[in-house]
Amino acid sequence: MNTSNARITAIGSYVPKKRLTNNDLEALVDTNDEWIVQRTGIKERRIAADNEYTSDISIKAVENLIERYQKTVDDVDMIIVCTMTPDFKTPSVAALVQAKLGIKNTGAIDLNAACAGFAYGLHVANGLVSAGLHRKVLVIGAETFSKIIDYSDRTTCILFGDGGGAVLVEYDEQQPSFIASHMGTDGILGKNLYCTDLSDSMFGEELPVNGFIAQNGREVYKWAVNTVPKGMEALMGKTELKLDEVDWFVPHSANLRIIESICSRSGLPLERAIYSLEHFGNTSAATIPLSLDKGVREGKIQRDDKLLLYGFGGGLTHAGLLINWSL
Numbered sequence: 213m214n215t216s217n218a219r220i221t222a223i224g225s226y227v228p229k230k231r232l233t234n235n236d237l238e239a240l241v242d243t244n245d246e247w248i249v250q251r252t253g254i255k256e257r258r259i260a261a262d263n264e265y266t267s268d269i270s271i272k273a274v275e276n277l278i279e280r281y282q283k284t285v286d287d288v289d290m291i292i293v294c295t296m297t298p299d300f301k302t303p304s305v306a307a308l309v310q311a312k313l314g315i316k317n318t319g320a321i322d323l324n325a326a327c328a329g330f331a332y333g334l335h336v337a338n339g340l341v342s343a344g345l346h347r348k349v350l351v352i353g354a355e356t357f358s359k360i361i362d363y364s365d366r367t368t369c370i371l372f373g374d375g376g377g378a379v380l381v382e383y384d385e386q387q388p389s390f391i392a393s394h395m396g397t398d399g400i401l402g403k404n405l406y407c408t409d410l411s412d413s414m415f416g417e418e419l420p421v422n423g424f425i426a427q428n429g430r431e432v433y434k435w436a437v438n439t440v441p442k443g444m445e446a447l448m449g450k451t452e453l454k455l456d457e458v459d460w461f462v463p464h465s466a467n468l469r470i471i472e473s474i475c476s477r478s479g480l481p482l483e484r485a486i487y488s489l490e491h492f493g494n495t496s497a498a499t500i501p502l503s504l505d506k507g508v509r510e511g512k513i514q515r516d517d518k519l520l521l522y523g524f525g526g527g528l529t530h531a532g533l534l535i536n537w538s539l
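Just so you know, we're using our numbering here: the sequence shown kicks off at 213 and counts up by one.
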């Protein structure tokens, strides 16, 4: 275990008002509610307004954090926004957040690890704070996936939604949140989940250039259900804790069938998993903070609970964290 001096001191979230239900999708593609729920567990997802972008969602999540925990952010010295749907190539979403919130003396970076993004963002924040380089870091996971979805493609449009969550990570030697971490990447499999931009090929394989998210769901499923349980075992092996001592498992909310398989293979009861996909869909880097905040709001996650967070997806990249919840 690495020594941590970083503590999560607040959390907030935001989702757009517009709901896109499974019944709504029946008018767009050949699908129905029963088919979607059976295969994914998703009932509805939130969709950003035409003039609502990832920076807007990020800012509203932070404002929710400020209001609920009576926190100030004017002394934040680093902003990390985890996203793969930025408003612009540049400036970064983090820079737009800084501008809107009027934080004068802070670094601002975007981090793209797709669906593992928020876990990576927390890992980076823990490192920066524990090393003494920064003392107060905003970590935001936010996406507007609806802007890169082909709503004539039923393999993707049924899955993804928009939303965001934010946490504050502060220096604290007495009650650090971070216990251990584990991560890995299988970049050779990246062609199974991608969104084309400047290039139309990957490892010599031609890709359609249309700006939409594309996914080979079968291959991503096989990778996730094999990779994540092994990663969870490796993560727990870095601690003196056993998996059955984990209070809550908070995985990336990609698909309920994936979560069920991961729980079955790892030996964690599904009842101890907290996920946000039922009403928000797959929000990529936002699923874990949305799930965390859902657990907090519902009174499930309590102070000093041990939480195992695990993100996985585009890259193909994965990252797990074991944390002690201190709110």
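C-beta: ideal position from N, C-alpha, C; glycine also.
Whether residue i touches residue j by CB criterion (8 Å)
i: residue 413; j: residue 465; result: no
i: residue 392; j: residue 534; result: yes
i: residue 373; j: residue 259; result: yes
i: residue 336; j: residue 501; result: no
i: residue 289; j: residue 347; result: yes
i: residue 307; j: residue 325; result: no
i: residue 402; j: residue 511; result: no
i: residue 313; j: residue 274; result: yes
i: residue 427; j: residue 405; result: yes
i: residue 472; j: residue 482; result: yes
i: residue 329; j: residue 505; result: no
i: residue 237; j: residue 425; result: no
i: residue 245; j: residue 267; result: no
i: residue 518; j: residue 457; result: yes
Span separating the alpha-carbon of residue i from that of residue j
i: residue 366; j: residue 248; result: 10 Å
i: residue 515; j: residue 459; result: 11 Å
i: residue 416; j: residue 261; result: 37 Å
i: residue 218; j: residue 538; result: 11 Å
i: residue 265; j: residue 350; result: 19 Å
i: residue 277; j: residue 507; result: 15 Å
i: residue 253; j: residue 285; result: 37 Å
i: residue 242; j: residue 485; result: 31 Å
i: residue 283; j: residue 272; result: 14 Å
i: residue 292; j: residue 433; result: 28 Å
i: residue 230; j: residue 491; result: 12 Å
i: residue 340; j: residue 381; result: 10 Å
i: residue 418; j: residue 304; result: 29 Å
i: residue 520; j: residue 455; result: 9 Å
i: residue 212; j: residue 444; result: Shown here, the chain extends from 213 to 539; a query on residue 212 therefore has no answer.
i: residue 234; j: residue 470; result: 19 Å
i: residue 461; j: residue 487; result: 9 Å
i: residue 364; j: residue 399; result: 28 Å
i: residue 384; j: residue 224; result: 20 Å
i: residue 263; j: residue 522; result: 32 Å
i: residue 345; j: residue 318; result: 12 Å
i: residue 541; j: residue 357; result: What is shown of the chain runs 213 to 539, which leaves residue 541 out entirely.
i: residue 536; j: residue 239; result: 45 Å
i: residue 226; j: residue 509; result: 13 Å
i: residue 513; j: residue 451; result: 21 Å
i: residue 429; j: residue 332; result: 23 Å
i: residue 476; j: residue 311; result: 45 Å
i: residue 338; j: residue 316; result: 22 Å
Beta-carbon separation (whole angstroms), residue i vs residue j, contact threshold 8 Å
i: residue 531; j: residue 355; result: Their Cβ separation, rounded to whole angstroms, is 17 Å, which puts residue 531 and residue 355 out of contact at 8 Å.
i: residue 394; j: residue 447; result: 4 Å
i: residue 397; j: residue 529; result: 5 Å
i: residue 524; j: residue 327; result: 6 Å
i: residue 389; j: residue 220; result: 5 Å
i: residue 493; j: residue 257; result: 3 Å
i: residue 495; j: residue 375; result: 5 Å
i: residue 297; j: residue 359; result: 6 Å
i: residue 422; j: residue 408; result: 6 Å
i: residue 441; j: residue 474; result: 6 Å
i: residue 270; j: residue 309; result: 5 Å
Cross-strand partners of residue i (DSSP beta bridge)
i: residue 321; result: 292
i: residue 219; result: 382
i: residue 531; result: 395 and 523
i: residue 242; result: In DSSP, residue 242 forms no bridge with anything.
i: residue 229; result: Residue 229 is not bridged to any residue.
i: residue 518; result: 536
i: residue 447; result: None; residue 447 has no bridge partner.
i: residue 426; result: 406
i: residue 390; result: 535
i: residue 224; result: 378
i: residue 418; result: 413
Any chain B beta carbon closer than 8 Å to residue i
i: residue 241; result: The structure shown contains no chain B; it holds only a single protein chain.
Q) Going along the chain, which unbroken runs of the alpha helix (DSSP H) with 4 or more residues stay wholly within the segment 299-346? A) Uninterrupted alpha helix (DSSP H) stretches at least 4 residues long and entirely within the segment 299-346 occur at 305-313 and 329-342, given in chain order.
**Q.** Residue ranges of each alpha helix (DSSP H) within the segment 461-511, 4 or longer
**A.** The segment 461-511 is shown to contain whole alpha helix (DSSP H) runs of 4 or more residues at 468-478, 489-492 and 499-509, in chain order.
Q. Which full runs of the beta strand (DSSP E) of 3+ residues lie inside the segment 255-288, going along the chain?
A. Those beta strand (DSSP E) runs which fall completely within the segment 255-288 and span 3+ residues are 256-259.
(Q) Which runs of the beta strand (DSSP E) at least 3 residues long sit entirely within the segment 348-374? Give them in chain order. (A) Runs of the beta strand (DSSP E) inside the segment 348-374: 348-356.
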